[in-house]
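Quick note on our numbering: the first sequence kicks off at 24 and runs consecutively. As structure tokens, the structure follows; a few thoughts come after it.
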Amino acid sequence: MSDIRNWLLKSEPGTYSFDRLQSEKKAVWDGVRNVEARSNLRKMKVGDVCFFYHSGEGKCVVGLAKVTREAFQDPTTKDDWSAVEIAPIGPMKKEVTLAQMKADAKLKAMSVVRKSRLSVSPVTALEFAHVLALGETAPPK
DNA sequence: GCCAACGTTGGC
DNA sequence: GCCAACGTTGGC
């Protein structure tokens, strides 16, 4: 399956929260300094839908965002790193915790569950649908 | 606060 | 090029 069209972005709410994304309407997702995360960023297409996950405080999927600009040079460095631009879609009706995802057999293989340190990770279509169901949230158009 | 996982650095 | 030491992240 190479047609990954969903992703999970992780942030500490104290550093950048989903609330802040909603009030600012968009964000440049920069500062990624991990090769695997960078390669995921570069695969994103405009319109791809991402889960927004809070690490540390919360440890849960709190909302949905979409990619509004594909990978470009990370403005915070001259080195070879990439950033994308995202915009909020809306909050999850119910937050989905890491514990819930870990406890769910269908999500055992999910990247965020297995590699908790990876800040940008792919989400399969099945995982995407299942997490939405856990969050009682309708899929975005 | 601790520890596991993982990345980076630097000595050799 | 190997590997030990160290730093960072994030879950518990």
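A virtual CB, placed ideally from N, CA and C, is assigned to each residue, including glycine. This one's a predicted model, so the numbers in the text were calculated from it and none came from an experiment.
Kindly confirm or deny that the stretch 119-127 and the stretch 41-56 touch, where touching means at least three C-beta pairs closer than 8 Å.
-> Counting Cβ pairs under 8 Å, fewer than three are found: no touch.
By DSSP, does Ser78 sit in helix, in strand, or in coil?
-> In the structure shown, Ser78 adopts coil according to DSSP, grouped into three states.
Just the C-alpha distance for Ala106 and Asn63, rounded to the nearest angstrom, thanks.
-> Distance between the alpha carbons of Ala106 and Asn63: 11 Å.
So what does DSSP say about Glu108, is it helix, strand or coil?
-> Three-state DSSP puts Glu108 in a strand.
May I ask you to check if the CB of Glu118 is nearer than 7 Å to at least one heavy atom of the ligand FAD?
-> With respect to the ligand FAD, the structure offers nothing, as it holds no ligand at all.
Residues of its chain near Ser25, where Cβ-Cβ distance is below 8 Å and the 5 sequence neighbours each way are ignored = Here Ser25 scores only 48 on pLDDT, less than 50, and its place in the model should not be relied on; the value that follows carries that caveat. Nothing meets the Cβ criterion.
Pick helix, strand or coil for Lys33, following the three-state DSSP scheme.
-> Annotated three-state conformation of Lys33 is strand, per DSSP.
Would you check if there are 3 or more beta carbon pairs closer than 8 Å linking the stretch 33-47 to the stretch 101-115?
-> Taking 8 Å as the limit for Cβ pairs, the verdict is that the stretch 101-115 does touch the stretch 33-47.
Could you give the DSSP three-state label for Ser144: helix, strand or coil?
-> Note: Ser144 maps to strand in three-state DSSP.
DSSP on Met24, reduced to helix/strand/coil?
-> Interpretation of Met24 is limited by its pLDDT of 46, a score under 50 that renders its predicted location unreliable; the figure taken from the coordinates is listed afterwards. Coil.
What does DSSP give as the partner residues of Pro162 in its beta bridges?
-> Within the DSSP secondary-structure output, Pro162 pairs in no beta bridge.
DSSP-derived helix/strand/coil call for Val84 | In this structure, Val84 counts as strand in the three-state DSSP scheme.
Measure from the alpha carbon of Gly79 to the alpha carbon of each residue in Ala148, Ser142, Ile109, Ala161, then state which is nearest.
-> For the residues Ala148, Ser142, Ile109, Ala161, the minimum Cα distance to Gly79 belongs to Ser142.
What is the rounded straight-line gap between the Cα of Thr100 and the Cα of Ser134?
-> C-alpha separation (whole angstroms): 27 Å.
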